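Note sheet for the following structure.
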Amino acid sequence: MDYRFAVCDDDGEYAQYVGELAAQWAALTGVTVELERFPSAEAFLFRYEERRDFDVLLLDIEMGELDGVALAKAVRRDNDDVQIVFITGYADYIAEGYEVSALHYLTKPVEPHRLFQVLDRAVSRLARNEAALTLELPGETVRVPLSRIRYLEVSHNHVTVHGPRDYRVKRPLGELEKALGSRFFRVGRSFVVNLAFIRRVTRAEAELSTGERVPLPRGQYEKLNRAIIDRI
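In terms of our numbering, the sequence shown is residues 2 to 233.
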């Protein structure tokens with residue numbers, strides 16, 4: 002299984018240390034971890050606008066103007082799945098961690114076995130909670146996490162599911178749509194889009210955080226905007 006981790010800490014050396022521990026844990030458990038480090042909450046949120054598919058956030062709390070708790074609240078506005086772990090030298094923020102459904106609260110200096118235990122819990126919860134779309138492909142069956150799917154697109158008798166990679170299947174779009182849930186919105190006859198990836202909407206198109214554009218048929222602008230507002 003592949004996971005995306007983010008370490009956010011304005012102490013570069015400590016961010017490096019936590020990242021190395023996460024890599025050790027991945028090697029021990031046999032999973033693949035793609036890890037990015039960020040020196041501030043602002044830097045993370047800038048990146049988060051481009052890619053919202055992080056699985057685990059390892060956050061310091063005391064950071065510059067925007068602290069880790071404020072960062073977590075911003076993420077939680079549209080993401081209930083990501084596992085948040087606070088790592089800090091202060092013990093005064095535990096109550097605030099509950100507000101953002103943090104998985105755990107570790108104080109510095111972090112002991113490797115404690116972090117490993119927390120990461121075990123994080124991936125266990127991800128596996129238990131993650132809704133996925135099951136696709137039958139030639140020679141294989143894949144489960145694509147819904148949080149990784151940007152949009153679905155009809156072309157002739159096939160649907161392309163745009164996720165971690167593109168998956169092309171011969172199934173009706175309406176059938177796939179039933180398995181997607183409320184985070185997705187049907188745009189005309191040819192597209193279903195993940196609301197969490199939408200960055201901007203005009204009367205002609207929806208622009209995603211990846212830069213991709215989904216055309217909007219006439220009459221869809223107001224409906225899509227209402228769906229986005231209802232989800233906030």
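Glycine residues also receive a C-beta, built at the ideal position from the N, C-alpha and C atoms. Since the structure is predicted, the reported quantities are computational estimates derived from the model, not experimental observations.
Supposed close pair residue i, residue j - CB separation, criterion 8 Å
| i | j | result |
| --- | --- | --- |
| CYS9 | LEU67 | At roughly 10 Å, the Cβ-Cβ gap does not stay under 8 Å, so CYS9 and LEU67 are not in contact. |
| GLY90 | LYS74 | That pair is no contact at about 21 Å. |
| LEU116 | LEU107 | 7 Å |
| VAL162 | ILE150 | 6 Å |
| ASP11 | PRO40 | 6 Å |
| ALA71 | ALA42 | 7 Å |
Bridge-paired residues (DSSP) for residue i
| i | result |
| --- | --- |
| ALA207 | VAL202 and VAL215 |
| LEU153 | VAL162 and VAL193 |
| TYR106 | PHE87 |
| PHE45 | According to DSSP, which records beta bridges pairwise, PHE45 is partnered with nothing at all. |
| ARG38 | VAL8 |
| VAL57 | PHE6 and GLN84 |
Cβ pair residue i, residue j closer than 7 Å
| i | j | result |
| --- | --- | --- |
| GLU206 | PRO216 | yes |
| VAL145 | ALA133 | yes |
| ASP56 | TYR4 | yes |
| PHE186 | TYR152 | no |
| PHE6 | LEU36 | yes |
| LEU136 | VAL83 | no |
| LEU174 | VAL143 | no |
Under the three-state DSSP convention, the category residue i falls into
| i | result |
| --- | --- |
| SER125 | helix |
| PHE192 | strand |
| ARG144 | strand |
| GLU131 | coil |
| ARG5 | strand |
| VAL101 | coil |
| LEU67 | coil |
| PHE186 | strand |
| ILE227 | Here residue 227 turns out to be Arg, not Ile, going by the sequence shown. Note: ARG227 maps to helix in three-state DSSP. |
| GLU112 | coil |
| LEU22 | helix |
Buried versus exposed call for residue i [16 or more other C-beta atoms within 10 Å across all chains shown]
| i | result |
| --- | --- |
| LEU130 | Checking the displayed sequence, the identity of residue 130 turns out to be Asn instead of Leu. ASN130 comes out exposed. |
| PHE87 | buried |
| ILE62 | buried |
| ALA180 | exposed |
| GLN25 | exposed |
| GLU141 | exposed |
| ARG219 | exposed |
| ILE199 | buried |
| ASN195 | buried |
| ASP54 | buried |
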